[in-house]
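Peer 1: What follows is a single structure, and I will ask about it in a moment.
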Amino acid sequence: MNPEVALPVVIPFLFGSLSIVLYKSNAAQRWLGVIGTGALLIASIVLLHNTYTHPDGVLTIALGDWEAPFGIVLVSDLLGAVMVLMAALMGFAVAIYSLATMGSEHEKFGYYPLLHLLLSGVCGAFLTGDIFNLYVWVEVLLVASFALLILGGERAQMEGAIKYVTLNLLSSIMLLTAVGLTYGMTGTLNMADLVGRFAELENQGLVTVVAMLYMVAFSIKAAAFPLFFWLPASYHTPPVAISALFAGLLTKVGVYALFRFFSLLFTQDTGYTHEILLWIGGFTMVTGVLGAARYYEIRRILSFHIVSQIGYMFMGLALFTPLALAGGIYFIVHNIVAKSNLFLIGGVIYFLRGSHELKEVGGLWRERPWLGIMFLASALSLAGIPPLSGFIGKYMLIRAGVEAESWGIVAVALGVGMLTLYSMVKIWAEAFWKEQPEAHAERAAQFERTVSERSLAIMYLPIALLAILAVLLGVGMQPVYEVLMAAAEQMRDPQIYVDAVLGGDE
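Heads up: take any position in the sequence shown, counting from 1, add 53, and you land on our numbering.
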């Protein structure tokens, strides 16, 4: 038994409960938010360390002492542990940022309990060892995210929330249908047990059909082509801290599930399933980056780039070599850091200028050079400029594509990288380099006067942390590379996971 595996689920649930008990005190909820997410971050670091140093590289805990495949089991392999660490890091960064940016009305209506509930759902999805509980945790985070999305009740939020919940409910229905079919075919929902059960089925074509149903369900949640439009229609509507949290975590649950299912369960027909994933990845890259090129509103640009970057993750899974898988996981890590930080920086721009529209802001480089430097660290990382984290991720994926002779996806990945750089330069030129437009100067001055230097310092703290991390993931990538290559090797050998879970790892 490895109790540390359960802590990333228990800690946010506990602090969320305490936040509800202390709902009358906004100050208490704020500190519970920081302390709770800090505790989650420490627990996730310990979990990754223990998982990496364990001889099998997999830790398990059977809840209620009901061993797999009959009971509920939580499993931490390197992929799951890395994802939990990134969720905890983003939760901690957003909790700090929220101290200066979240309004008292949002706090009064449950922002912090919902934040903890969302983190609990995300970590549960990353650690669960059976498909039905994956569905349950996905629904937990869907409920929490929907409540966070409509917090405040503004018209734009409600419109975005309708699109968000409609497509995600469709995805959930498809997922539940696939779960039912899986149980009907095999009599089990434990993922380790399913590896052998699927291999024993005579009708492998039916297994592929079920695999496609899972692929569509999780692709919707990952905001992949063609059903991605719910994301840019909704992520720009809530407060910035919520947008940043969504940008870092929600689509990554769908991506994680695809990595898990199509490396562990559905590898019997990779020439078909993974080829489809490769095409989805290419179209997702292109449509996302073209959408970003069209807009001049910061949050919409960044929202479309979430879609575009998901395509690179699909590319890593679809190529299905150790280097490609490691590159795909690396790209998830890099994207969570860089993309979320750009949303946080966009929030600072709004607080200083009173607008998210690039045509209405400017002059920030002269007035706030440190903000400009932190923006460049994240923006150039997203665009894949060396030696930042985005360059390493794209290099790994493109090298894997060249080795696999998948020239089409390599060309798409390189072209999309250039268009991503165009979007980042557009934000830099409009928001930082050009002068503040005179027509909007008075409003900008009014907004800037309402922001204290103390509030700015609080906002800068998580932004600086993530900007430094974007640099370190590039220039100091060797330890990260070793962990992710070990994770990729695990994914290429499902028997490691199966033996750890069904063998009753003690």
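Ideal Cβ placement from N, Cα and C applies to all residues, glycine included. A quick note: this is a predicted structure, and the numbers were derived from the prediction, not measured.
Should I150 and M427 be called a contact, given that it needs their Cβ atoms to be closer than 7 Å?
Peer 2: In the sequence as presented, Ile is not what sits at residue 150; that position holds Tyr. Against a cut-off of 7 Å, the Cβ pair of M427 and Y150 comes out as no contact.
Peer 1: Quick check on the DSSP output: the alpha helix (DSSP H) that includes T473 runs from which residue to which?
Peer 2: Where T473 is concerned, the enclosing alpha helix (DSSP H) stretches over W460 to I480.
Peer 1: Could you tell me whether the Cβ atoms of L194 and L171 are closer together than 7 Å?
Peer 2: yes
Peer 1: I451: buried (16+ other C-beta within 10 angstroms of its C-beta) or exposed?
Peer 2: buried
Peer 1: Reducing DSSP to helix, strand and coil, say where I363 ends up.
Peer 2: Helix at I363.
Peer 1: Under DSSP, the alpha helix (DSSP H) around A200 begins and ends at which residues?
Peer 2: I184 to L202
Peer 1: For a quick check, are the C-beta atoms of A553 and D118 less than 7 Å apart?
Peer 2: no
Peer 1: Suppose you measure from the CA of R545 to the CA of S198; what does that come to, to the nearest Å?
Peer 2: 33 Å
Peer 1: Helix, strand or coil, according to DSSP, for A286 in the structure here?
Peer 2: Coil, per DSSP.
Peer 1: If you run the structure through DSSP and keep just helix, strand and coil, what is E158?
Peer 2: Three-state result, E158: helix.
Peer 1: Pull the bridge partners of A115 from the DSSP assignment, please.
Peer 2: V126
Peer 1: Give a yes or no on whether the C-beta atoms belonging to G344 and G364 are separated by under 7 Å.
Peer 2: no
Peer 1: Roughly how many angstroms lie between the CA atoms of D558 and E458, to the nearest whole one?
Peer 2: Residue confidence for D558 is low, a pLDDT of 41 falling below 50, so the modelled location carries little weight and cannot support an answer.
Peer 1: Using the Cα positions of I480 and L472, report the straight-line distance between them to the nearest angstrom.
Peer 2: 13 Å
Peer 1: If contacts are defined as beta-carbon pairs under 8 Å, then L397 and I516 qualify, I think. What distance do you get, rounded to the angstrom?
Peer 2: 5 Å
Peer 1: Quick check on this structure: which residue in V360, A497 and L537 has the alpha carbon closest to the alpha carbon of V386?
Peer 2: L537
Peer 1: Given a threshold of 16 other Cβ atoms within 10 Å of its Cβ, counted over all protein chains shown, does F123 qualify as buried or as exposed?
Peer 2: Residue burial is scored here from C-beta neighbours: F123 has fewer than 16 other C-beta atoms within 10 angstroms and is therefore classed as exposed.
Peer 1: Take the Cβ of Y217 as the centre, count every other Cβ of all protein chains shown within 10 Å, and call the residue buried at 16 or more, exposed below.
Peer 2: With a threshold of 16 other beta carbon atoms within 10 Å, Y217 meets it and is buried.
Peer 1: Going by DSSP in three states, T181 sits in which element: helix, strand or coil?
Peer 2: Strand at T181.
Peer 1: Taking only three categories from DSSP, how would you classify L67?
Peer 2: DSSP places L67 in helix when its eight states are reduced to three.
Peer 1: Would you kindly work out how many angstroms separate the C-alpha atoms of V282 and I382, rounded to a whole number?
Peer 2: One point to set straight first is that residue 282 is Phe, not Val, in the sequence displayed. Roughly 24 Å separates the two Cα atoms.
Peer 1: Apply the 10 Å Cβ neighbour rule to F440 and answer buried if 16 or more other Cβ atoms are within range, or exposed otherwise.
Peer 2: First, the residue type needs correcting, since residue 440 is Pro and not Phe in the sequence shown. With fewer than 16 other Cβ atoms inside 10 Å of its own Cβ, P440 counts as exposed.
Peer 1: DSSP has G350 in a bridge; who is on the other side?
Peer 2: Residue 350 is actually Glu in this sequence, not Gly. Answer is E410, bridged to E350.
Peer 1: Using DSSP with H/G/I as helix, E/B as strand and the rest coil, what is N394?
Peer 2: If DSSP states are grouped into helix, strand and coil, N394 belongs with the helices.
Peer 1: Taking a contact to mean a Cβ-Cβ separation below 7 Å, would you say I142 touches S129 in this structure?
Peer 2: This sequence places Leu at residue 142; Ile is not what is there. Not a contact, by the Cβ cut-off of 7 Å.
Peer 1: Cα separation between F162 and M136?
Peer 2: C-alpha of F162 to C-alpha of M136: approximately 29 Å in a straight line.
Peer 1: Is the separation between the beta-carbon of L167 and that of A200 shorter than 7 Å?
Peer 2: Yes, the Cβ-Cβ distance between L167 and A200 is below 7 Å.
Peer 1: Any contact between the region 414 to 424 and the region 482 to 500? By contact I mean 3 or more CB pairs, one from each, below 8 Å.
Peer 2: yes
Peer 1: For G133, which residues of its own chain have a beta-carbon under 6 Å away from its beta-carbon, when the five flanking residues on both sides are left out?
Peer 2: F179 and L180
Peer 1: Measure from the alpha carbon of A264 to the alpha carbon of each residue in V342, L330 and E542, then state which is nearest.
Peer 2: L330
Peer 1: Once DSSP output is grouped into helix, strand and coil, what is the label at N256?
Peer 2: Reduced to three states, the DSSP call for N256 is coil.
Peer 1: Taking its Cβ as the centre, do 16 or more other Cβ atoms sit within 10 Å of G240, making it buried, or is it exposed?
Peer 2: exposed
Peer 1: With burial defined as no fewer than 16 other Cβ atoms inside 10 Å of the residue's Cβ, what is the status of W423: buried or exposed?
Peer 2: exposed
Peer 1: Use the C-beta contact count for N243: other C-beta atoms within 10 angstroms, 16 or more gives buried, fewer gives exposed.
Peer 2: With 16 or more other CB atoms across the displayed protein chains lying within 10 angstroms of its CB, N243 is buried.
Peer 1: Does P292 pass the burial test, meaning 16 or more other C-beta atoms within 10 Å, or should it be called exposed?
Peer 2: Buried, because 16 or more other Cβ atoms sit within 10 Å of the Cβ of P292.
Peer 1: Mind the definition here: the region 251 to 270 touches the region 344 to 355 only if three or more C-beta pairs lie below 8 Å; say whether that holds.
Peer 2: no
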